[in-house]
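For the sequence shown, the numbering used here gives the first residue as 18, with consecutive numbering after it. Every residue gets a Cβ at the ideal spot worked out from N, C-alpha and C, and that includes glycine. Only a predicted model underlies this, so the values are computations on that prediction, with no experimental measurement involved.
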Amino acid sequence: MNEIYPLAVPKGRKLKCEVCEAPAERVCGACTVTYYCGVAHQRADWASIHEKICQLLIPLRTTLPFYNSEEERKHGREQLLQRQKHLIELCYKVAQKYLFEGKHEESVPAALHSLRFRINVYGLNSVQLVPAYLLLSEASIGLGHIVQAEEYLSQAQWTVLKSTDCNNEIHSLLHRNLGLLYTAKENYEDARYHLANDIYFASCVYGSEDVRTSGAYFLMANVFFHQKKMDVADSMYTKVTDIWHTFLDQHIQNQLCARKKPADILAKELENDTGLGTTATAIKDPEKKVYATKVLGTIQWLNIRNRYDFISGSDIKEPTLPFALLLGPKDNGIFPSDLQQKPAICHHLPNMNPRKQKQFTSCQPSWKSENTQQKKSQKSLLKS
Numbered sequence: 018m019n020e021i022y023p024l025a026v027p028k029g030r031k032l033k034c035e036v037c038e039a040p041a042e043r044v045c046g047a048c049t050v051t052y053y054c055g056v057a058h059q060r061a062d063w064a065s066i067h068e069k070i071c072q073l074l075i076p077l078r079t080t081l082p083f084y085n086s087e088e089e090r091k092h093g094r095e096q097l098l099q100r101q102k103h104l105i106e107l108c109y110k111v112a113q114k115y116l117f118e119g120k121h122e123e124s125v126p127a128a129l130h131s132l133r134f135r136i137n138v139y140g141l142n143s144v145q146l147v148p149a150y151l152l153l154s155e156a157s158i159g160l161g162h163i164v165q166a167e168e169y170l171s172q173a174q175w176t177v178l179k180s181t182d183c184n185n186e187i188h189s190l191l192h193r194n195l196g197l198l199y200t201a202k203e204n205y206e207d208a209r210y211h212l213a214n215d216i217y218f219a220s221c222v223y224g225s226e227d228v229r230t231s232g233a234y235f236l237m238a239n240v241f242f243h244q245k246k247m248d249v250a251d252s253m254y255t256k257v258t259d260i261w262h263t264f265l266d267q268h269i270q271n272q273l274c275a276r277k278k279p280a281d282i283l284a285k286e287l288e289n290d291t292g293l294g295t296t297a298t299a300i301k302d303p304e305k306k307v308y309a310t311k312v313l314g315t316i317q318w319l320n321i322r323n324r325y326d327f328i329s330g331s332d333i334k335e336p337t338l339p340f341a342l343l344l345g346p347k348d349n350g351i352f353p354s355d356l357q358q359k360p361a362i363c364h365h366l367p368n369m370n371p372r373k374q375k376q377f378t379s380c381q382p383s384w385k386s387e388n389t390q391q392k393k394s395q396k397s398l399l400k401s
């Protein structure tokens, strides 16, 4: 934090506090474009939102550079507008997060930033200002500042009345905050009236069984609880519980169904038909099943051979798996003639040293040893 010297401020320029709009006495040393009336407000703003947007404020609160063409000026204005809209959403979400956590004091600076950026982008009479007013009123109610909350709600209500394009969602939020205000003032009749309107507008947007409508049911149940009408209050609390139970149960069921889905690549249809087809087709067609089993068995045998390092990596510059197995069967699932014979897997025996060649020939698959035995038996029969 750096102190401001009044004589160093240009004539006609008034520096105001970011939180309370009082005459500023200090400036943020990091961005040098944000001013405060004292250390207390600077700490409150830093803990709330300023730490997240400190460097983002510099291009918004400094003089725009000189552009040489109209196209560059238009692009610069568009960039400025996009940055302001980004900060509007960021500050609004941060303020909402603090309200959900019950941190009403921390939400006020973030909501004020959102309101000021909305005024700069949309103007003073836009309905886009209403969500920021409602956040500030809810935070003020939580802090016990009823008069300040009434001012924010009056401004929001006046903006809604003047607007012609206000949707039901904003009407619902406005009546919900008015219900909170009258509940805090213990004016339960007016609170019930506004909460009933909240339920109506929320049901028009989301439906009567939506979790976003259940908040109005809960606040209405609180009003009946304060009026000692326990039967009505219990029924509305039960309604809220049922809505949330249904929502959470459906969410859990969706998660379980997503986990139970098999991750089987053979169950998906392949773009290029290799003759294997889907899993169901392979079960119905024995030839395809045998072919798939042979391919997988050959791959497994090659993996075992490489694990024991029978062939060094320098000796092999291409895969030893026969290309006939990779190409797949021909049309109608009929095996090619070269697959009906035993495939010759060893293509690199001449390049190996005698010791590795002896080790490799000793670990030939079973069909290789069977062929040699058959040839020996045939020779013995011919000699006899």
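Burial state of residue i, where buried means 16 or more other Cβ atoms lie within 10 Å
i	result
residue 37	exposed
residue 22	exposed
residue 285	Confidence at residue 285 is low in this model, with a pLDDT of 47, below 50, so the placement of that residue is unreliable and no value is reported for it.
residue 9	The structure shown does not extend to residue 9, since the chain spans only 18 to 401, so no value can be given for it.
residue 158	buried
Inter-residue Cα distance where the pair is residue i and residue j
i	j	result
residue 172	residue 277	52 Å
residue 98	residue 35	21 Å
residue 182	residue 270	39 Å
residue 246	residue 77	54 Å
residue 405	residue 85	What is shown of the chain runs 18 to 401, which leaves residue 405 out entirely.
residue 254	residue 103	38 Å
residue 43	residue 49	10 Å
residue 90	residue 108	27 Å
residue 274	residue 120	37 Å
residue 177	residue 136	15 Å
residue 258	residue 83	60 Å
residue 28	residue 20	18 Å
Proximal residues to residue i (C-beta, below 6 Å), its chain only, five neighbours per side dropped
i	result
residue 222	185 and 186
residue 138	101
residue 134	101, 104 and 105
residue 250	238, 241 and 242
residue 154	166, 169, 170 and 194
residue 145	135 and 139
residue 180	144
residue 208	196, 199, 200 and 240
residue 256	234
residue 160	121
Proximal residues to residue i (C-beta, below 7 Å), its chain only, five neighbours per side dropped
i	result
residue 260	226, 228 and 231
residue 252	none
residue 151	173, 190, 191 and 194
residue 244	205
residue 263	none
residue 220	230
Contact check, residue i vs residue j, beta carbons under 9 Å
i	j	result
residue 128	residue 149	yes
residue 189	residue 218	yes
residue 212	residue 170	no
residue 105	residue 131	yes
residue 65	residue 147	no
residue 61	residue 123	yes
residue 33	residue 25	no
residue 51	residue 73	no
Of the listed residues the options, nearest to residue i (C-alpha basis)
i	options	result
residue 117	94, 156 and 254	156
residue 205	27, 262, 96 and 240	240
residue 216	83, 267 and 195	195
residue 71	200, 81 and 46	46
residue 79	87, 93 and 214	93
residue 81	96, 262 and 110	96
residue 67	28, 111 and 41	111
residue 41	54, 20 and 161	54
residue 141	88, 175 and 272	175
Cβ-based neighbour list, residue i, same chain, cut-off 8 Å, excluding 5 preceding and 5 following
i	result
residue 354	Because residue 354 carries a pLDDT of 42, less than 50, the predicted location of this residue cannot be relied on, and no value is offered for it.
residue 58	34, 35, 36 and 37
residue 31	40
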